[in-house]
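Peer 1: Numbering (our numbering), first residue to last: 228 to 820.
Okay, handing you the structure first.
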């Protein structure tokens, strides 16, 4: 291929893509006789320090993490005129291409893609690298069966200060996590949310947060809960649905916080285990089911990670089963009947923890009273026992007739919670059991409601106020009354990205929240001596004179003015958080002659 672009030591074979910031080439490296990719920052943007830093950051991130599921970067070349990356060439396609051409994807294939992607992301996180832009375009699928994560240009190193300007939303809107939008801490859980969106799209063919406008996508991320997979596809295993829903939790505390945890859970799904090495499933997709190279040592099932929790589970249930069996044996042998109350008291007191555990566990697993061992025969008994006066043996045990009640007192966590008790009734042979009263054998609480908190809101300009996704009204409001505890408040205005505040309110607390949307955007007033069409970053806006100032995101914005009688006028403007409005006075000069 003949190309005007030259890189010393490389032959350029094809221009793969050109974006507003970079050009990507398929090339051949003469010294090592191998195909490579070259990604170059466009020469006209070389003076942009932020973009140069992004290139260097991608090189540092990939140099820090070497993994079979991450695209390798071979070289970073920088001179006084250009900067470019030389990286591993992946012969295949992106997940975005795959979804576009083959949606909906087979369950087995998606399972294999998820497992490989999670392994690569887990490695990055273990090295303190957060990707921050996980999406289908950045997951590459090679013809030799490997899945590779690419484009660490937005990556952040945990513990190292970021070059991202305060107030700037970093990433692709429809894949951003709620905390990334609201200015919260972005960590591994943020990548997990973005990966959840990515594979929801792989399963369904649709991104649940996609919208035509930037701000609409952000609003959807904060407020829309995607439909369960089982409602979209009837061939998706229930466990997949559960795992993916937890990846898409809005609150970080409810989301998976480590890729290894998800790998462990997937390793318990029969359909995933049956697949074997994920690489083989990808090879089958490419039409290489007989390829023997897939059985590499690195692709064998890693029992040290997958199924670790599953190994422990049988021993837990074996121990529990033995305890229950022992309890039932004592129960049926009539051991309780031959004891006096003082002997019963001593026996129960010595084993109250075991008895409470056994009964509680049995009831939690039983669908009804008949499911509890021995309860069916008791339920059908017509014998009515006389009611006897309760006798308190000690502070923890109460005997009433042949019924033994173990009472474990729990100290209240809050001043407003009183008289909390955990009560476990141990049934004795021959006693009739009322099915309708079973709920009385479980935990009961008496809670005095807390005094609500009040949140006073100062918002410029106005906003719709949502508390835990429930609309409370439109500012100005006197105040919003909210129950004590943790809550998420979202403030929405059609011209701005949503403002999110996570609060923890105490009983009777008065809290003042100040929301200034103008601090998170730039404003431009345009004054032109004649008329002109106005473009922002290449998008047509309107014709001057404009009725309102332009509202633009923080960072660099390109303003273009077009009038057929004059040369095109263009200027770049950069806004930081809190900058005042900028006024552009433009005199469009006509063409000469």
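Just so it is clear, CB atoms sit at the ideal spot from N, CA and C, and this is done for glycine as well.
#1: Counting along the chain, where does the alpha helix (DSSP H) carrying residue 347 start and finish?
#2: When you compare only the Cα positions, how much space is there between residue 438 and residue 445?
#3: Decide if residue 829 is buried, meaning its Cβ has at least 16 other Cβ atoms within 10 Å, or exposed.
#4: I think residue 282 touches residue 254, with their Cβ atoms under 8 angstroms apart; what is that distance to the nearest whole Å?
#5: Exposed or buried, which one is residue 690 when buried takes at least 16 other CB atoms within 10 Å?
#6: Just the Cα atoms here: how many angstroms apart are residue 821 and residue 267?
#7: For the beta strand (DSSP E) that residue 418 lies in, which residues bound it at each end?
#8: Applying the 10 Å Cβ sphere with the 16-neighbour rule, what's the burial state of residue 808?
#9: Under 9 angstroms, do residue 351 and residue 374 count as touching if we go by C-beta distance?
#10: Is the segment 756-770 in contact with the segment 739-746, if contact means three or more CB pairs nearer than 8 angstroms?
#11: Quick one: residues in its chain with C-beta nearer than 6 angstroms to the C-beta of residue 705, no 5 flanking neighbours on either side, listed in chain order?
#12: If you draw a straight line from the alpha carbon of residue 521 to that of residue 258, how long is it in whole angstroms?
#13: Taking the runs of the alpha helix (DSSP H) that are 4 residues or longer, which of them lie wholly in the segment 439-522?
#14: CA-CA distance, residue 478 and residue 450?
#15: With the cut-off set at 9 angstroms, would you say residue 355 and residue 295 are in Cβ contact?
#16: Identify the continuous alpha helix (DSSP H) that holds residue 795 and give its terminal residues.
#17: Between the segment 692-708 and the segment 417-426, are three or more C-beta pairs nearer than 8 angstroms?
#18: Please check the pair residue 713 and residue 731, which I expect to be a contact at CB under 8 angstroms, by giving their CB distance rounded to whole angstroms.
#19: Run the CB neighbour count on residue 506, radius 10 Å, all protein chains shown included, and call it buried at 16 or more, exposed below.
#20: Determine the direct distance from the alpha carbon of residue 812 to that of residue 818, and round the result to whole angstroms.
#21: Helix, strand or coil: which one does DSSP assign to residue 277?
#22: When the Cα of residue 498 is compared with those of 342, 368, 403 and 475, which residue comes out closest?
#23: Applying the 10 Å Cβ sphere with the 16-neighbour rule, what's the burial state of residue 322?
#24: Does the beta-carbon distance from residue 436 to residue 453 come in below 9 angstroms?
#25: Are the beta-carbon atoms belonging to residue 362 and residue 402 less than 9 angstroms from one another?
#26: Ordered along the chain, which non-local residues of its own chain (more than five positions away) have a Cβ less than 7 angstroms from that of residue 771?
#27: Flag this pair as yes or no: are the beta carbons of residue 429 and residue 298 separated by less than 9 angstroms?
#28: Leaving out five residues on either side along the sequence, give the residues of the same chain with a beta carbon under 6 angstroms from the beta carbon of residue 768.
#29: Are the CB atoms of residue 442 and residue 744 nearer to each other than 9 angstroms?
#30: Between which two residues does the beta strand (DSSP E) containing residue 297 stretch?
#31: To the nearest angstrom, report how far apart residue 424 and residue 331 are at their CA atoms.
#32: Consult DSSP for residue 408 and reduce its assignment to one of helix, strand or coil.
#33: Grouping DSSP H, G and I as helix and E and B as strand, with all else coil, what is residue 287?
#34: Measure the CB-CB distance between residue 792 and residue 773 and report whether it falls below 9 angstroms.
#35: I'd like to check one pair, residue 800 with residue 786: are the Cβ atoms closer than 9 angstroms?
#36: Where does residue 494 land, buried or exposed, given buried means 16+ other C-beta within 10 angstroms?
Peer 2: Let me spell this out:
#1: 334-353
#2: 9 angstroms
#3: Since the displayed the chain opens at 228 and closes at 820, residue 829 lies outside it and no answer follows.
#4: So it is not a contact: roughly 17 angstroms between Cβ atoms.
#5: buried
#6: Residue 821 lies beyond the stretch modelled for the chain, which goes from 228 to 820, so this question has no answer here.
#7: Per DSSP, residue 418 belongs to no beta strand (DSSP E); it is in the alpha helix (DSSP H), 415-431.
#8: exposed
#9: no
#10: no
#11: none
#12: Confidence in residue 521 is poor, its pLDDT being 38 and thus under 50, which makes the residue's placement too unreliable to answer from.
#13: 441-450, 456-459, 465-474, 486-493, 497-500 and 505-512
#14: 12 angstroms
#15: no
#16: Element bounds for residue 795: n/a, residue is neither H nor E.
#17: no
#18: 5 angstroms
#19: buried
#20: 19 angstroms
#21: helix
#22: 342
#23: buried
#24: yes
#25: yes
#26: 753, 755, 758, 759 and 761
#27: no
#28: 761
#29: no
#30: Where residue 297 is concerned, there is no enclosing beta strand (DSSP E), given that its DSSP letter is neither H nor E.
#31: 15 angstroms
#32: helix
#33: helix
#34: no
#35: yes
#36: buried
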